[in-house]
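Take the sequence shown: its position 108, counted from the start at 1, is 108 in UniProt numbering, and no numbers get skipped.
Note that beta-carbon positions come from the ideal geometry of N, C-alpha and C, so glycine has one too.
Here the structure comes first, spelled out in structure tokens, and everything after it is commentary.
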Amino acid sequence: QVRYDKGGTETEFGMFGLRTNYSFASFSYFGDDVKAYCLKPQIGKESGTPVPTALARAFGGPGVDYAKLCIPDPSKVPLNEDGLVQVRTTYPDDVEEMGVFMRRIVRHMGGQVPPNADSTVRWFAAPYASSSSTKTFSDAVAAL
């Protein structure tokens with residue numbers, strides 16, 4: 001990753017920089033609140049090619065799917081209102097993805113979702129997944 005903290009020519013090194021328009025979490029680092037940002041590929045100055053792509057080509061690897069580099073994942077977003085909204089806006093009307101998020105809430109509350117409960121999970125997730133939904137995280141917790 002690019003060393004923004006050092007400045008100068010040090011910022012010319014690293015395969016990935018920070019996409020500062022989207023922070024997916026905050027954490028404490030030696031007493032300071034720090035935001036965790038998504039990564040973006042750095043572009044080679046001479047080649048004009050993303051550095052990770054050039055490296056993958058050099059070693060015959062598959063490379064990185066940049067479109068999926070920082071998509072909110074229902075199995076990883078925070079279990080709060082922000083997480084619910086991230087799932088709803090990233091996957092509008094997708095009851096499967098919202099179902100993943102709802103299953104996590106159940107597990108976090110100490111419950112279990114039986115393996116054969118897929119249709120029930122979809123039914124429960126549908127009102128929360130709707131792009132026009134006004135349902136909140138608190139609503140989901142209360143209903144569960």
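Extent of the continuous beta strand (DSSP E) to which residue i belongs
i           : result
residue 117 : Counting along the chain, residue 117 falls outside any beta strand (DSSP E), and DSSP gives it neither H nor E.
Beta-carbon proximity check, residue i vs residue j, cutoff 8 angstroms
i           : j           : result
residue 102 : residue 91  : no
residue 38  : residue 57  : no
residue 40  : residue 7   : no
residue 4   : residue 70  : no
residue 95  : residue 129 : yes
Start-to-end residues for the alpha helix (DSSP H) that takes in residue i
i           : result
residue 88  : 81-90
residue 139 : 137-143
residue 97  : 95-108
Residues bridged to residue i [DSSP beta-bridge criterion]
i           : result
residue 17  : 40
residue 131 : In the DSSP output, where bridge partners are listed per residue, residue 131 has none listed.
residue 27  : 34
residue 50  : 43
Nearest to residue i (by Cα), restricted to the options the options
i           : options        : result
residue 93  : 107, 126, 73   : 126
residue 73  : 1, 25, 139     : 25
residue 43  : 53, 34, 57     : 53
residue 1   : 121, 32, 36    : 36
residue 48  : 100, 69, 15    : 15
residue 46  : 33, 12, 28     : 12
residue 137 : 22, 55, 32, 81 : 81
residue 65  : 31, 50, 75     : 50
residue 75  : 69, 129, 83    : 83
residue 120 : 67, 100, 62    : 100
Beta-carbon contacts of residue i that lie in its chain and below 7 angstroms, excluding the five residues immediately before and after
i           : result
residue 133 : 88, 127
residue 105 : 79, 140, 141, 144
residue 109 : 144
Same chain only: Cβ atoms within 6 angstroms of residue i, ignoring 5 sequence neighbours per side
i          : result
residue 78 : none
Contact set for residue i: own chain, Cβ-Cβ below 8 angstroms, skip 5 residues either direction
i           : result
residue 180 : What is shown of the chain runs 1 to 144, which leaves residue 180 out entirely.
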